[in-house]
Amino acid sequence: MIKTFGKRIAAMVVASAVVAGVTVTYGIPNIKYKEIKSSEPVVMTVNGDEIHMDEFRAYLKYNKSYMENMLSYYGMDDTIWSDPTMGEMMVGQLFESANQQAIEIHTVKQEFEKLGLKLSREEREQAQQEKMDTIEQMGGQELFEQWLQSIGYNDTMYDNTIAISKYANAIQDAYYGDNGTKTNTQAIVDKFNETYLCAKHILVQSIDGSGNPLTGDALAAAQSKAQEALEKVKAGEDFDTLIAQYNEDPGMEMYPEGYVFTEGEMVDEFYQGTKALEPGQTSTELVESGYGWHIIQREPLTAEQLNDTIREQLVQEITGQSFVDEIQNLMSEVDVQYTDTYGEKTYDNLMQILGDSTTENTEDAAPSEDAAQQEQAAE
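The numbering used here puts the first residue of the sequence shown at 384, with every later residue one more than the last.
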């Protein structure tokens, strides 16, 4: 299962692919966060993890690209950065976004290591294939590298970002999986079955297209139609066939297997009418709400319906915190130190950091033979 927080981290890269007009699936070979070897000065530390200027520059460049994409949506251009009024606010926000990205990535990495987690060989091999597919979809290695450069990343930083999303997924499993430290899968499934319902229905509306109540003959005709449908249901006719014939709720076309909901997500009459039924049962009376008359068929819940969004809501109900809250708490507790190299949050300093003259990336050193053998043994 792809977890919500992992998606959120991966979205930092995905969003830039959208800016570039590319829709891709991301993965990395040999999923593992790699320390960035750099000759550039240290800008900040997160619990002692050194973040060099080239890494921080990439976060700035990525967030600047993302923010400029948002600005263009509202008809503004990049001259706003040097604007005396708006520019100061935008630059401050940009530095803060880069800070938070750096802290988040290193916090997740450290928690993954602290919990002693490992990623499976299968996950790494699958991700390697996904990256190869990505490069092919982008038109080859050269175009892929050009895209990375356009968002301020190199190949190692791309791999690290996706590794962090995988680490986040693993942490989430450690917290809330089968043997979770904060809750577990069975508790979440039990809560799902206890608090959620699934139902199909036939709705015959008692309102017009503008939401105004029907009156007179129109109201009588609608009620007669609803009663006719109910009699056919009671006679044992196929419910799905009757939905196609009588239903006036367009949402049923989007959810042919039924709505999955909990209290407060549907009008109360529909919720209470469903709750009064056992799975597999159909209402024998019309259920009236402000929308009209419902004939409800309650459906059993399935494991597939326990999606990431619902799972996260249930985790929050059980533990009082979402996974995002957990990570935010970890981030708030880390020791962050800044060096003089960080400089002021000004437009001039931003331009100096992003300037070509300050860029000096170095490649990761190749692992030693001993390190490679140790890594293979760990697999």
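Where is the CB? At the ideal position from N, CA and C, for every residue including glycine.
As the structure is a computational prediction, the values presented were derived from the model and not from experiment.
- Within the stretch 620-686, the runs of alpha helix (DSSP H) at least 4 residues long that lie entirely inside it are, in chain order, 622-629, 634-637, 651-658.
- For the set Gln512, Glu494, Leu443, the Cα lying nearest the Cα of leucine 477 is the one of Leu443.
- Here DSSP, grouped into helix, strand and coil, assigns lysine 549 to helix.
- No residue range can be given for valine 717, since it is assigned to no beta strand (DSSP E) and is classified by DSSP as neither H nor E.
- In the structure shown, leucine 733 adopts helical secondary structure according to DSSP, grouped into three states.
- DSSP, reduced to helix, strand and coil, places lysine 492 within a helical segment of the structure shown.
- Closest in C-alpha terms to leucine 502, from the list Thr462, Val491, Gly523, Ala546, comes Ala546.
- When the alpha-carbon of tyrosine 638 is set against those of Ala627, Thr539, Gln509, the nearest one is in Ala627.
- Under DSSP, methionine 427 takes part in a beta bridge, and its partners are Ile434, Tyr721.
- Between tyrosine 730 and serine 480, the beta carbon gap of about 16 angstroms keeps them out of contact (Cβ cut-off 8 angstroms).
- The three-state secondary structure of lysine 728, taken from DSSP, is coil.
- Taking a 10 Å sphere around the C-beta of threonine 667, we find fewer than 16 other C-beta atoms and assign the residue as exposed.
- Under the three-state reduction of DSSP output, glutamine 588 falls in the strand class.
- Contact between the stretch 697-704 and the stretch 557-574 is present: three or more C-beta pairs spanning the two stretches fall below 8 angstroms.
- Here methionine 515 is exposed: its Cβ has fewer than 16 other Cβ atoms, across all protein chains shown, within 10 Å.
- For asparagine 576, the enclosing alpha helix (DSSP H) covers residues 568-578.
- Per DSSP, tryptophan 530 is one residue of the alpha helix (DSSP H) stretching across 524-533.
- Considering only Val643, Thr428, Arg440, Asn430, the residue with the shortest C-alpha distance to glutamine 532 is Arg440.
- Rounded to whole angstroms, phenylalanine 653 and isoleucine 678 show a C-alpha spacing of 9 angstroms.
- Distance between aspartate 556 and glutamate 671, taken at the CA atoms: about 43 angstroms.
- Straight across, the Cα-Cα distance linking asparagine 430 with aspartate 718 is about 5 angstroms.
- Between threonine 724 and valine 425, the C-beta gap is smaller than 9 angstroms, which places the two residues in contact.
- Here serine 421 carries a strand assignment [DSSP, helix/strand/coil].
- In summary, glutamine 484 is buried, with 16 or more beta-carbon neighbours lying within 10 Å of its beta-carbon over all protein chains present.
- In this structure the stretch 603-611 touches the stretch 582-591; the number of beta carbon pairs closer than 8 angstroms is three or more.
- Considering only Tyr541, Lys549, Pro467, Met427, the residue with the shortest C-alpha distance to glutamine 509 is Lys549.
- If you ignore the 5 residues before and after proline 596, its C-beta comes within less than 7 angstroms of the C-beta of Ser589, Ile590, all in its own chain and listed in chain order.
- Remark: C-beta atoms of glutamine 720 and methionine 427 approach each other more closely than 9 angstroms.
- A direct Cα-Cα distance of roughly 15 angstroms separates isoleucine 585 from glycine 619.
- By the neighbour-count criterion, in which 16 or more other beta carbons inside 10 Å mark a residue as buried, aspartate 621 falls on the exposed side.
- DSSP, read as helix, strand or coil, puts alanine 485 in helix.
- Contact annotation: phenylalanine 706 and tyrosine 558 have beta-carbon atoms nearer than 9 angstroms.
- Bounds of the alpha helix (DSSP H) holding methionine 515 are 504-520.
- When secondary structure is reduced to three states using DSSP, lysine 583 falls in the strand class.
- Excluding five sequence positions before and after glycine 563, none of the CB atoms of its chain fall closer than 6 angstroms to its own CB.
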